[in-house]
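A short write-up of the structure that comes next.
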Amino acid sequence: MRKKERRLVVTFHTTTDAMEMERICKAHGAPGRMIPVPREISAGCGLAWCADPDQEAVLRTIMKEAGLQEQDVHTIVF
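My numbering numbers the first residue of the sequence shown as -18 and each following residue consecutively.
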């Protein structure tokens, strides 16, 4: 069984926004990966960016520079 860890989960209003997040994070070498939105969270598009909670400032900076708006940012254990 996989060990549960605290994770930062960034949700988006649209699939297009989620895919743009993946593109800009890969271009910047930012940490994380695209995941289906966990059951504990509801989100518009069903996709979310998942990373270590200590990377929140880095991800927020990247999103701001790209003009990308998140729906919500959660820190959950899963």
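No residue lacks a Cβ here, since even glycine has one placed at the ideal position from N, Cα and C.
Between residue i and the rest of its own chain, which residues show a CB-CB distance below 8 Å, the 5 nearest in sequence each way excluded?
{"i": "Ala11", "result": "Ile5, Ala32, Gln36, Val39, Leu40 and Ile43"}
{"i": "His9", "result": "Ile43"}
Give every residue of the same chain whose Cβ lies closer than 6 Å to the Cβ of residue i, excluding the five residues on either side of it in the sequence, and list them in chain order.
{"i": "Leu(-11)", "result": "Ala32, Pro34, Glu37 and Thr56"}
{"i": "Glu(-14)", "result": "none"}
In the structure shown, what three-state DSSP assignment does residue i receive?
{"i": "Asp33", "result": "coil"}
{"i": "Arg(-13)", "result": "strand"}
Excluding five sequence neighbours on each side, which residues of the same chain lie with their C-beta closer than 7 Å to the C-beta of residue i?
{"i": "Arg14", "result": "Cys31"}
Pick out the complete alpha helix (DSSP H) segments inside the stretch -11 to 27, 4 residues or longer, and give them in chain order. -4 to 9
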